[in-house]
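The sequence shown runs 28 to 989 under this note's numbering. Cβ atoms here follow ideal geometry from the backbone N, Cα and C, with glycine treated the same way.
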Amino acid sequence: MAMLQKMASIDAQMRLLAPKKVSEDDKLIEYDALLLDRFLDIVEVLHGQELKETVLKCYELSGMYSKSGDLEKLNELGDLLNGLDPGDAIVVASSFSHMLNLSNLAEEVQISQRRPVRNAKKGDIGDENSALTESDLEETFKRLVKQLGKTPHEIFEALKNQTVDLVFTAHPTQSVRRSLLQKHQRIRSCLSQMYQKDITDDEKHELDEALQREIQAAFRTDEIRRSPPTPQDEMRAGMSYFHETIWNGLPLFLRRVDAALKSIGIDERLPYNVPLIQFSSWMGGDRDGNPRVTPEVTRDVCLLARLMTANLYFAQIEDLMFELSMWRCSDELKQRVTRLEAQTRKEAKHYIEFWKHIPPSEPFRVLLGDMRDKLYHTRERIGQLLASGKSDISIDDTFTDVSQILEPLELCYRSLIETGDRPIADGSLLDFMRQASVFGLSLVKLDIRQESERHTDVLDAITTHLGIGSYRDWSEDKRQEWLLSELRGKRPLFGADLSLTDEMKDVMNTFMVIAELPSDCFGAYVISMATSPSDVLAVELLQRECRVPKPLRVVPLFEKLADLESAPAALKRLFSIDWYRSRINGKQEVMIGYSDSGKDAGRLSAAWQMFKAQEDLVKVAKEYGVKLTMFHGRGGTVGRGGGPTHLAILSQPPDTINGSLRVTIQGEVIEQSFGEEHLCFRTLQRFTAATLEHGMHPPIAPKPEWRALMDSMAVVATEEYRSIVFQNPKFVAYFRAATPEMEYGRMNIGSRPSKRKPSGGIESLRAIPWIFAWTQTRFHLPVWLGLGRALSHALDTDPKNITTLRQMYNKWPFFRVTIDLVEMVFAKGDPRIAALYDSLLVSPEFKPLGVELRQKYNETRNNLLRVAGHDDVLAGNPTLKQRLRLREPYITPLNVQQAYTLKKMREENKQLNITQNGELAKPTKRATELVKLNTTTEYAPGLEDTLILTMKGIAAGMQNTG
Numbered sequence: 028m029a030m031l032q033k034m035a036s037i038d039a040q041m042r043l044l045a046p047k048k049v050s051e052d053d054k055l056i057e058y059d060a061l062l063l064d065r066f067l068d069i070v071e072v073l074h075g076q077e078l079k080e081t082v083l084k085c086y087e088l089s090g091m092y093s094k095s096g097d098l099e100k101l102n103e104l105g106d107l108l109n110g111l112d113p114g115d116a117i118v119v120a121s122s123f124s125h126m127l128n129l130s131n132l133a134e135e136v137q138i139s140q141r142r143p144v145r146n147a148k149k150g151d152i153g154d155e156n157s158a159l160t161e162s163d164l165e166e167t168f169k170r171l172v173k174q175l176g177k178t179p180h181e182i183f184e185a186l187k188n189q190t191v192d193l194v195f196t197a198h199p200t201q202s203v204r205r206s207l208l209q210k211h212q213r214i215r216s217c218l219s220q221m222y223q224k225d226i227t228d229d230e231k232h233e234l235d236e237a238l239q240r241e242i243q244a245a246f247r248t249d250e251i252r253r254s255p256p257t258p259q260d261e262m263r264a265g266m267s268y269f270h271e272t273i274w275n276g277l278p279l280f281l282r283r284v285d286a287a288l289k290s291i292g293i294d295e296r297l298p299y300n301v302p303l304i305q306f307s308s309w310m311g312g313d314r315d316g317n318p319r320v321t322p323e324v325t326r327d328v329c330l331l332a333r334l335m336t337a338n339l340y341f342a343q344i345e346d347l348m349f350e351l352s353m354w355r356c357s358d359e360l361k362q363r364v365t366r367l368e369a370q371t372r373k374e375a376k377h378y379i380e381f382w383k384h385i386p387p388s389e390p391f392r393v394l395l396g397d398m399r400d401k402l403y404h405t406r407e408r409i410g411q412l413l414a415s416g417k418s419d420i421s422i423d424d425t426f427t428d429v430s431q432i433l434e435p436l437e438l439c440y441r442s443l444i445e446t447g448d449r450p451i452a453d454g455s456l457l458d459f460m461r462q463a464s465v466f467g468l469s470l471v472k473l474d475i476r477q478e479s480e481r482h483t484d485v486l487d488a489i490t491t492h493l494g495i496g497s498y499r500d501w502s503e504d505k506r507q508e509w510l511l512s513e514l515r516g517k518r519p520l521f522g523a524d525l526s527l528t529d530e531m532k533d534v535m536n537t538f539m540v541i542a543e544l545p546s547d548c549f550g551a552y553v554i555s556m557a558t559s560p561s562d563v564l565a566v567e568l569l570q571r572e573c574r575v576p577k578p579l580r581v582v583p584l585f586e587k588l589a590d591l592e593s594a595p596a597a598l599k600r601l602f603s604i605d606w607y608r609s610r611i612n613g614k615q616e617v618m619i620g621y622s623d624s625g626k627d628a629g630r631l632s633a634a635w636q637m638f639k640a641q642e643d644l645v646k647v648a649k650e651y652g653v654k655l656t657m658f659h660g661r662g663g664t665v666g667r668g669g670g671p672t673h674l675a676i677l678s679q680p681p682d683t684i685n686g687s688l689r690v691t692i693q694g695e696v697i698e699q700s701f702g703e704e705h706l707c708f709r710t711l712q713r714f715t716a717a718t719l720e721h722g723m724h725p726p727i728a729p730k731p732e733w734r735a736l737m738d739s740m741a742v743v744a745t746e747e748y749r750s751i752v753f754q755n756p757k758f759v760a761y762f763r764a765a766t767p768e769m770e771y772g773r774m775n776i777g778s779r780p781s782k783r784k785p786s787g788g789i790e791s792l793r794a795i796p797w798i799f800a801w802t803q804t805r806f807h808l809p810v811w812l813g814l815g816r817a818l819s820h821a822l823d824t825d826p827k828n829i830t831t832l833r834q835m836y837n838k839w840p841f842f843r844v845t846i847d848l849v850e851m852v853f854a855k856g857d858p859r860i861a862a863l864y865d866s867l868l869v870s871p872e873f874k875p876l877g878v879e880l881r882q883k884y885n886e887t888r889n890n891l892l893r894v895a896g897h898d899d900v901l902a903g904n905p906t907l908k909q910r911l912r913l914r915e916p917y918i919t920p921l922n923v924q925q926a927y928t929l930k931k932m933r934e935e936n937k938q939l940n941i942t943q944n945g946e947l948a949k950p951t952k953r954a955t956e957l958v959k960l961n962t963t964t965e966y967a968p969g970l971e972d973t974l975i976l977t978m979k980g981i982a983a984g985m986q987n988t989g
């Protein structure tokens, strides 16, 4: 009885710790409580009442700490977690990780069912899924007509010429295994159905049982990847979204576009072949610093994508054969079918059995049946090529270009229209035509990304072989002169006697694969760390040398601050080359990188420099009559350009989008954007509506005094950021001690190494683990460092600047989004948690740096609130504030457990003479073997699994982590 009373008391305490409802239709707390109750029951059944009570006690202490800030509760929580035996520690870490996943699922169901918030203030910030960040198509169209004076015809024409290309990338931030994501999808479905109004008691009981089964199945699934995924694994995971949501979600979205157009008086449907939405991928093509992405991998992922496409088309054709069973048809279709049947009887005996089952009075099925057989041969041939590199199926019996699929479908469409069956034509047939137009035969177009220095290495080997000097040592002018002379000529540069290293062969073999595979497999060739015109011309020459039949468009990627500053001059010089302008046919794409620029100079300076660079790049393009497409390399977290889609688009400089936009969809953002059909629809709607609005109603340009103030603040922010990150001799050691950066690679969540080079400091560390490590400790240093000092400088220089800053915040979308996103990060942060890591993990000589950084954190927070005019973070967004407060009692136990687990692991490392940076201080034979193999056997049982579970749980709680 005493135990039951204690449990009831804890349950009551949990309810008291939960945040309050924010609206009448807010059921988030109810959803979260239901999932939590079901989960705790499962913990009790599987692991006993005592362990359930331990989990509840941790939740209670964490919640009390979060609500009151009482550090005694945090210390008590630490004592409880640190005293667990290894088995219980794993279960507790896994429990809180799963509880966070369930809490996220409750949020997603709440968002999907909540009534949209209308007339929200244009600058309001929210999470990616918040109703405040919606861009409703119909409302956008009507606003453009009624408030801005645009005609329906202008909107229709703008949409027909608009393109948004979403580029899926496999950056290692998706820490949740695919098998768990699928179970989460079923949990969402059960929870959503349980709260429908017309559900019966029996149905609710059945759904409740199903819900418990799925929660238990998820809890019983190993969260930890025991080996890193291959690039092919990443590609399959990314492409699974097309099969599960995007394939059906795209035509549904385009029908909604038609409906929204009709609401403003346009009766015409959007043409099926307009490039309104496009999809591309880096999965298996991004080889920058990833030795696992080989030419063979690129070939495999291209063939796998074509195989997936053939399977989707095959199923769709079979469905259409059942649907289009009518006998009336146009003379044009009748003549085609007559010729087809005659040819079939004469040349393809293996078709005869199939034709016997199709009555001659069903012409559509005859034509579609021929397509079905060709698709069968297409996928069989691709399967053979994947298996052995060879195929005995003639390419003439397969589809090699999407026009071969669209042409007979168009014929069917015209025939239905001509015979009075337009409603049938505008059904599944139109949907399939739209799908085929978007996905082609390759599902997505694969971008290739390679670092500029790798091309320099190859060209240097060629010029050395030719005896004309070292390309690497040449000036930029001499490089351009030689490259252009070769591009204008026709001679081959080298023969079989050219000596290349393995890395150089990898570069050349990649071009060979591009030349071998169908051209529609590929999109752009992106050059990372691009700095000059010769970087672009080098790729053009290598494509020609490897006989690429349809050369890929070459896209320079400008990343670091200095590269962004010099990008307009580099582009101007490139456009001044007659040969190049003739090559690009009036179109150029430029990619800007949010990740490395932020790591190089801090977020404020990077964001401002990217803003200015885009303005200047567009001016250069206009000067030469070139249409410029900006390719935004955004990550999931604010430190890497993340944030609500429509606000990110609407805060771009005027004239920098103009109906053409490319943007990366990375890591866990793919699941958040396309994990469900309703999420898919909302994602496509956001991008389409915001891109249209930016083009037809551009944001205001900043005033001269705003620019001047931003320039001065950016200088101060960069100085502060670099003085700490790159110039403070203690920072690297502090960073590696105070965060789980060294242990990040143990998560096996991506195929790419965390560093470009095995050794080196912050400059060699990739932006993703740099951000991930600080997110784990809830300190988020890369997002805010430099901003506080910049704001202090502005406020101290002139008292009137507070008025200017508030004008900028209220009237300039770029500045408002910048401030609001950092404010959202502060709502997720907690410097007291970072202090706990310091107390357990950082040696005394480095602790003063942690104290200094936490002082800067508080200074930045206070300055930020002053500029925004807010009393507290997220004061104007109770919905998001509620959601973040709901997660805190789940996240804090994982932070505490992680800190103590890191301490134990590092103490054991010291016993093996391994230093904090992972290198051997005294290379004993045993320690050398352990580091070389990267095994986990040196740790006490359960430590490594506990650490990984805490990492995954915190990532789930923070949501946007990389």
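Is the distance from the Cβ of G360 to the Cβ of P390 below 7 angstroms?
A quick correction: the sequence has Leu, not Gly, at residue 360. Contact: yes.
What span of residues does the beta strand (DSSP E) with A551 cover, start to end?
From DSSP, the beta strand (DSSP E) with A551 extends over 549-555.
Could you check where the beta strand (DSSP E) with T196 kicks off and where it finishes?
Looking at the DSSP string, the run of the beta strand (DSSP E) that includes T196 is 190-196.
First through last residue of the alpha helix (DSSP H) which encompasses P875
874-895
Is the CB-CB distance between R399 and T425 below 7 angstroms?
no
Alpha carbon of S50 to alpha carbon of L193, nearest angstrom
34 angstroms
Among G416, G316, A197, R263, the one whose alpha carbon lies nearest that of S479
G316
At the level of alpha carbons, what is the spacing between R65 and K224?
22 angstroms
Apply the 10 Å Cβ neighbour rule to E879 and answer buried if 16 or more other Cβ atoms are within range, or exposed otherwise.
exposed
Where D715 and N685 are concerned, what is the direct C-alpha to C-alpha distance, given to the nearest angstrom?
At residue 715 the sequence reads Thr, which differs from the Asp that was named. Their Cα atoms are separated by approximately 12 angstroms.
Checking the sheet assignment: what are the DSSP bridge partners for Q305?
D192
Where does G153 fall in DSSP's three states?
Any answer about G153 is weak, because its pLDDT of 45 lies below 50 and its placement is not dependable; what the coordinates show is given next. Three-state DSSP puts G153 in coil, outside helix and strand.
Unbroken stretches of the alpha helix (DSSP H), 4 residues or longer, contained in the region 377-436:
379-383, 390-415
Identity of the residues DSSP links to F585 by a beta bridge
I619
Quick check on C707 - is its C-beta less than 7 angstroms from some C-beta in chain C?
Note that chain C does not occur in the displayed structure, where there is just one protein chain.
Beta carbon of P916, beta carbon of S89: below 7 angstroms?
Cβ atoms of P916 and S89: closer than 7 angstroms.
Cβ of N890 within 7 angstroms of Cβ of G815?
yes
I293 in three-state terms, based on DSSP:
The answer is coil: DSSP assigns I293 none of H, G, I, E or B.
Would the region 455-466 count as touching the region 538-548 if we require 3 or more Cβ pairs under 8 angstroms?
no
Alpha carbon of M310 to alpha carbon of K94, nearest angstrom:
The straight-line gap from Cα to Cα measures roughly 43 angstroms.
Chain-order list of residues whose beta-carbon lies under 6 angstroms from that of W382 (same chain, five-residue window excluded)
Low confidence applies here, because W382 scores a pLDDT of 45, under 50, leaving its location unreliable; read the following figure in that light. Here the set comprises nothing.
Cβ-Cβ separation, R333 to L456 (assumed contact under 8 angstroms), whole Å
Not really, about 23 angstroms apart at Cβ, beyond 8 angstroms.
How would you label Q712, buried or exposed, when you count the other beta carbons within 10 angstroms and need 16 or more for buried?
buried
Where does G660 sit, in a helix, a strand or coil, going by DSSP?
strand
Under 6 angstroms: does the beta carbon of Q431 sit that close to some heavy atom of the ligand GDP?
Absence of the ligand GDP from the depicted structure is noted, as is the absence of any ligand whatsoever, leaving it without description.
Under the rule that 16 or more other beta-carbon atoms within 10 Å means buried, what is H721, buried or exposed?
buried
Between K586 and the rest of its own chain, which residues show a CB-CB distance below 6 angstroms, the 5 nearest in sequence each way excluded?
First, the residue type needs correcting, since residue 586 is Glu and not Lys in the sequence shown. Same-chain partners within the cutoff: G620, D623, S624.
I need the DSSP call for P977, collapsed to helix, strand or coil.
The question names Pro, but residue 977 is Thr in the sequence shown. Helix.
When A926, R392, D453, F853 are compared against L901, the one with the closest alpha-carbon:
F853
When you compare the region 742-758 with the region 848-862, are there three or more beta-carbon pairs, one atom per stretch, that lie closer than 8 angstroms?
no
By DSSP, does S497 sit in helix, in strand, or in coil?
coil
For my contact list, Q220 and L208 are in at a C-beta cut-off of 8 angstroms; report their separation, rounded to the angstrom.
The Cβ separation is near 19 angstroms, so there is no contact.
Pair within 7 angstroms by beta-carbon distance, L970 and K931
yes
Host alpha helix (DSSP H) of V471 (start-end):
Element bounds for V471: n/a, residue is neither H nor E.
By Cβ distance, which residues of its chain are closer than 7 angstroms to G813, with the 5 residues on each side in sequence left out?
G629, L631, S632, A744, T745, E747, Y748
Can you check whether the CB of A634 is closer than 7 angstroms to the CB of P681?
no
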